[in-house]
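A.B. asks:
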Amino acid sequence: MADTKKYILAIESSCDDTSAAVLCNANVLSNVVATQEIHKQYGGVVPELASRAHQQNIVPVVHQALAKANIDKKELSAIAFTRGPGLMGSLLVGTSFAKSLALGLDIPLIKVNHMEAHILAHFIEDEGMTPPSFPFLAMTISGGHTQIVKVTDHFSMEVLGETLDDAVGEAFDKSAKLMGLPYPGGPLVDKYAQLGNPKAYDFPKPKVDGLNFSFSGLKTSILYFLQRETQKNPDFVSQNINDICASVQYTILEILMEKLEMAVEQTGIKQVAIGGGVAANSGIRARLKEAEESMGWKTYIPKFQYCTDNAGMIGIVGYLKFEKGEFTDQSVAAKARYAIGT
Ligand code: KG4
Ligand code: ZN
Numbered sequence: 035m036a037d038t039k040k041y042i043l044a045i046e047s048s049c050d051d052t053s054a055a056v057l058c059n060a061n062v063l064s065n066v067v068a069t070q071e072i073h074k075q076y077g078g079v080v081p082e083l084a085s086r087a088h089q090q091n092i093v094p095v096v097h098q099a100l101a102k103a104n105i106d107k108k109e110l111s112a113i114a115f116t117r118g119p120g121l122m123g124s125l126l127v128g129t130s131f132a133k134s135l136a137l138g139l140d141i142p143l144i145k146v147n148h149m150e151a152h153i154l155a156h157f158i159e160d161e162g163m164t165p166p167s168f169p170f171l172a173m174t175i176s177g178g179h180t181q182i183v184k185v186t187d188h189f190s191m192e193v194l195g196e197t198l199d200d201a202v203g204e205a206f207d208k209s210a211k212l213m214g215l216p217y218p219g220g221p222l223v224d225k226y227a228q229l230g231n232p233k234a235y236d237f238p239k240p241k242v243d244g245l246n247f248s249f250s251g252l253k254t255s256i257l258y259f260l261q262r263e264t265q266k267n268p269d270f271v272s273q274n275i276n277d278i279c280a281s282v283q284y285t286i287l288e289i290l291m292e293k294l295e296m297a298v299e300q301t302g303i304k305q306v307a308i309g310g311g312v313a314a315n316s317g318i319r320a321r322l323k324e325a326e327e328s329m330g331w332k333t334y335i336p337k338f339q340y341c342t343d344n345a346g347m348i349g350i351v352g353y354l355k356f357e358k359g360e361f362t363d364q365s366v367a368a369k370a371r372y373a374i375g376t
């Protein structure tokens, strides 16, 4: 019998995580992520430093992914890589590496859209994860994007709404920065929020038509609020960090849930999936679970390791494309702006 096992090496380098994964069909054998610590001291990702760190990390990370999977590079069936969207300098490292390796090994090359990968991460076969059936709604919430997407097939996606300014992850990170928390602040806001009162402070929600989002106004109102309060009491932030984080997170989650409910109402689709770094947030995970009870939704939440940037999600798209025979040639170039479905 012919060997039906496909081994895909996947590479992700769109922002500040260098990652490589090896998949056997839809199963992730290894998923190595090197998070670049260098950006912490600058309070955000510095593109030039990110590309340099990718250059340093890519070879060891790929070696580690192959070793952990116990796969020799000669056994690989194809190489999948993130073509975009993302930081150009960062994308170039992964793209060039993937192209060279595929050429050297004489195996197919597969280009992957990072945002599609956040959605298709749900199709990774892993204990405790059930893939959604079509059609479903996917809300991708990350440091670079905030979108609600209608997914009718693996590769048939329509963006129903998106942010007009900051991404939701940026809203978390920028709010955290205003509170003096290090980058990326999202996970810390989540941690403190769990100990605070979400109704302690009231922040205004933006008025945006349809299924689009806006987060820049929230950031400004948090800035003014903190300036006002620290003038009265210089220790206001440290004394009330839990309540401030809980209130900020509550407002952000209200904004997300309101639009998601509107999308369900408009489309009649009650299957709802989330993806992207902010999907790791304990509050959004709880709110989705509640919606199963209160609104009869069926919700899908990926495991933590498939929420934040990782090559496992690039690999699953690689495998799905491999099955369709969708390969790319050596003329492919990285794309900083790369819309879903193009
Ligand atoms: O998907 P991702 O790893 O990278 C991008 O493609 O942007 O998302 C990173 C974002 C950051 O803004 C980070 O603060 C946020 O996800 N994030 C969280 C949590 N974990 C990561 N935000 C809120 N709560 C979390 N637990
Ligand atoms: Zn991402």
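Going by the working numbering, the sequence shown opens with residue 35, and the numbers climb by one from there. Backbone N, C-alpha and C fix where the C-beta goes; we use that ideal spot for every residue, glycine too.
1) Contact defined as beta carbons within less than 8 Å: I believe leucine 30 pairs with isoleucine 113. What is the distance between those atoms, to the nearest angstrom?
2) Apply the 10 Å Cβ neighbour rule to phenylalanine 338 and answer buried if 16 or more other Cβ atoms are within range, or exposed otherwise.
3) The ligand KG4 and cysteine 279: does any heavy atom of the ligand fall closer than 7 Å to the residue's C-beta?
4) Is it right to say tyrosine 76 is buried, meaning 16 or more other beta carbons lie within 10 angstroms of its own, or is it exposed?
5) Looking at the structure shown, is arginine 262 part of a helix, part of a strand, or coil, going by DSSP?
6) Is it the case that the CB of aspartate 343 approaches a heavy atom of the ligand ZN more closely than 7 Å?
7) Would you report the Cα separation of valine 147 and valine 62, rounded to the nearest angstrom?
8) From methionine 347 to phenylalanine 237, what does the alpha carbon distance come to, in whole angstroms?
9) Cutting at 6 Å between CB atoms, please list the residues of its own chain near proline 81, excluding the five before and the five after it.
10) Going by beta carbon distance, what residues of the same chain come within less than 7 Å of asparagine 59, once the five residues before and after it are set aside?
11) Going by the C-beta, is cysteine 58 closer than 7 Å to any heavy atom of the ligand KG4?
12) Tell me whether glutamine 339 sits in a helix, a strand or coil according to DSSP, three-state version.
13) Which of the three DSSP states, helix, strand or coil, is assigned to methionine 35?
14) Can you give me the Cβ contacts of valine 95 inside the same chain, cut-off strictly under 7 Å, excluding the 5 residues immediately before and after it?
15) Could you tell me the alpha carbon to alpha carbon distance between proline 232 and valine 271, rounded to whole angstroms?
16) Run through DSSP, which three-state label would phenylalanine 247 get?
17) Using C-beta distances below 7 Å, list every residue in its chain close to leucine 287, excluding the 5 sequence neighbours before and after it, in chain order.
18) Relative to the alpha-carbon of proline 369, which residue among Leu110, Lys74, Phe115, Phe259 has its alpha-carbon at the smallest distance?
19) Who are the Cβ neighbours of phenylalanine 157 in its own chain at under 6 Å, not counting the five residues just before and after it?
20) Between the C-alpha atoms of valine 386 and lysine 241, what's the straight-line distance to the nearest angstrom?
21) What residue from Gly214, Phe168, Tyr334 has the CA that sits closest to glycine 162's CA?
22) What does the Cβ neighbour count give for glycine 330, buried or exposed, with the cut at 16 atoms within 10 Å?
23) Tell me whether asparagine 104 is buried or exposed, calling it buried when 16 or more other Cβ atoms sit within 10 Å of its Cβ.
24) In its own chain, which residues sit with a C-beta less than 7 Å from the C-beta of tyrosine 340, not counting the 5 before and 5 after it?
25) Compute the distance between the beta-carbons of threonine 174 and glycine 309, then report whether it is under 8 Å.
26) So does the segment 244 to 260 actually touch the segment 207 to 227, counting three or more Cβ pairs closer than 8 Å?
27) Report whether the distance from the Cβ of serine 176 to the nearest heavy atom of the ligand COA is below 7 Å.
28) Check whether the Cβ atoms of leucine 170 and alanine 314 sit closer than 8 Å, and answer yes or no.
29) Using the three-state DSSP reduction, which class does phenylalanine 189 fall into: helix, strand or coil?
30) Strictly by DSSP, which residues pair up with glycine 219?
31) Run through DSSP, which three-state label would arginine 68 get?
32) Rank Leu125, Asp140, Asn91, Thr129 by C-alpha distance to the C-alpha of glutamate 109 and give the top, closest one.
33) Determine the closest residue to leucine 252 out of Asn267, Tyr235, Ala101, Leu245, with distance taken between C-alpha atoms.
34) Just mark glycine 128 as buried or exposed, buried being the case when its beta carbon has 16 or more other beta carbons within 10 Å.
35) Do you know how far the Cα of isoleucine 153 is from the Cα of alanine 99?
36) Would a C-beta distance cut-off of 8 Å place isoleucine 92 and serine 47 closer than the cut-off?
C.D. replies: Considering the structure as presented:
1) Look at the range of the chain in this structure, 35 to 376, and you will see that residue 30 is not part of it.
2) Start at 1 with the first residue of the sequence shown, and residue 338 comes out as number 304. Answer is exposed; the Cβ neighbour count stays below 16.
3) Numbered from its first residue, the sequence shown carries residue 279 at position 245. Checking every heavy atom of the ligand KG4 against the Cβ of cysteine 279, none is found closer than 7 Å.
4) Residue numbering aside, residue 76 sits at position 42 when the sequence shown is read from its first letter. Exposed, since its Cβ has fewer than 16 Cβ neighbours within 10 Å.
5) Start at 1 with the first residue of the sequence shown, and residue 262 comes out as number 228. Three-state DSSP puts arginine 262 in a helix.
6) In the sequence shown, residue 343 corresponds to position 309, counting from 1. Yes, the Cβ of aspartate 343 comes within 7 Å of a heavy atom of the ligand ZN.
7) Looking up residue 147 in the sequence shown gives position 113. Looking up residue 62 in the sequence shown gives position 28. It is asparagine, not valine, that sits at residue 147 in the sequence shown. Asparagine 147 and valine 62: Cα-Cα distance of roughly 19 Å.
8) Walking along the sequence shown from the start, residue 347 turns up at place 313. Walking along the sequence shown from the start, residue 237 turns up at place 203. Using only the alpha carbons, I get a separation of about 35 Å.
9) Here the question's residue 81 lines up with position 47 in the sequence shown. Excluding sequence neighbours, proline 81 sits near Leu121, Gly123.
10) On the sequence shown, residue 59 is found 25 positions in, with the first residue counted as 1. Closer than 7 Å at Cβ, skipping near neighbours: Lys39, Lys40, Tyr353.
11) Taking the first residue of the sequence shown as position 1, residue 58 is located at position 24. Checking the Cβ of cysteine 58 against the ligand KG4 gives no.
12) As a position in the sequence shown, residue 339 is number 305, starting the count at 1. In this structure, glutamine 339 counts as helix in the three-state DSSP scheme.
13) The sequence position of residue 35 within the sequence shown is 1, counting from 1. Reliability fails at methionine 35, whose pLDDT of 47 lies under 50, so the model's placement of it is uncertain and the value that follows must be treated cautiously. In the structure shown, methionine 35 sits in coil (DSSP, three-state: anything other than H, G, I, E or B).
14) If you number the sequence shown from 1, residue 95 lands on position 61. Hits under 7 Å: Thr52, Ser53, Ala54, Val66, Ala68.
15) Numbered from 1 along the sequence shown, position 198 holds the residue referred to as residue 232. Numbered from 1 along the sequence shown, position 237 holds the residue referred to as residue 271. Whole-angstrom Cα-Cα distance: 15 Å.
16) On the sequence shown, position 213 is the one that residue 247 refers to. The answer is strand: DSSP assigns phenylalanine 247 an E or B state.
17) As a position in the sequence shown, residue 287 is number 253, starting the count at 1. Here the set comprises Gly317, Ile318, Arg321.
18) Within the sequence shown, residue 369 is the residue found at index 335, counting from 1. Per the sequence shown, residue 369 should be read as lysine rather than proline. Ranking the options by Cα distance to lysine 369, first place goes to Phe115.
19) Here residue 157 is taken as the residue at index 123 of the sequence shown, counted from 1. Counting only Cβ-Cβ distances below 6 Å, and skipping sequence neighbours, we find Pro165, Ile350.
20) As displayed, the chain neither begins before 35 nor continues past 376, which places residue 386 out of reach and without an answer.
21) In the sequence shown, residue 162 corresponds to position 128, counting from 1. If we check each option's Cα against that of glycine 162, Tyr334 comes out closest.
22) Indexing the sequence shown from 1 puts residue 330 at position 296. Exposed, by the Cβ-count rule.
23) Numbered from 1 along the sequence shown, position 70 holds the residue referred to as residue 104. Exposed: under 16 other Cβ atoms inside 10 Å.
24) Counted from its first residue, the sequence shown places residue 340 at position 306. The residues are Ala155, Ile158, Gly346, Met347.
25) Your numbering for residue 174 matches position 140 in the sequence shown. Your numbering for residue 309 matches position 275 in the sequence shown. In this structure, glycine 309 lies closer than 8 Å to threonine 174 by Cβ.
26) yes
27) Summarising the ligand content, the structure contains the ligand KG4 and the ligand ZN and does not contain the ligand COA.
28) Reading the sequence shown from its first residue, position 136 is the one you call residue 170. Reading the sequence shown from its first residue, position 280 is the one you call residue 314. First, the amino acid is wrong: residue 170 is phenylalanine here, not leucine. Not a contact, by the Cβ cut-off of 8 Å.
29) The count along the sequence shown starts at 1 and reaches residue 189 at position 155. Three-state DSSP puts phenylalanine 189 in coil, outside helix and strand.
30) Taking the first residue of the sequence shown as 1, we reach residue 219 at position 185. DSSP output for glycine 219 lists no bridge partner at all.
31) In the sequence shown, residue 68 corresponds to position 34, counting from 1. Inspection of the sequence shows that residue 68 is occupied by alanine rather than by arginine. Strand, per DSSP.
32) Counting from one through the sequence shown, the residue named residue 109 turns up at place 75. Comparing Cα-Cα distances from glutamate 109 to each of Leu125, Asp140, Asn91, Thr129, the minimum goes to Asp140.
33) Reading the sequence shown from its first residue, position 218 is the one you call residue 252. With distances taken between Cα atoms, leucine 252 lies closest to Tyr235.
34) The count along the sequence shown starts at 1 and reaches residue 128 at position 94. Buried, because 16 or more other Cβ atoms sit within 10 Å of the Cβ of glycine 128.
35) Here residue 99 refers to the residue found at position 65 when the sequence shown is read from its first residue. Here residue 153 refers to the residue found at position 119 when the sequence shown is read from its first residue. Roughly 23 Å between the two C-alpha positions.
36) Position 58 of the sequence shown, counted from the start, is the residue given in the question as residue 92. Position 13 of the sequence shown, counted from the start, is the residue given in the question as residue 47. Their beta carbons are under 8 Å apart, which means isoleucine 92 touches serine 47 by this criterion.
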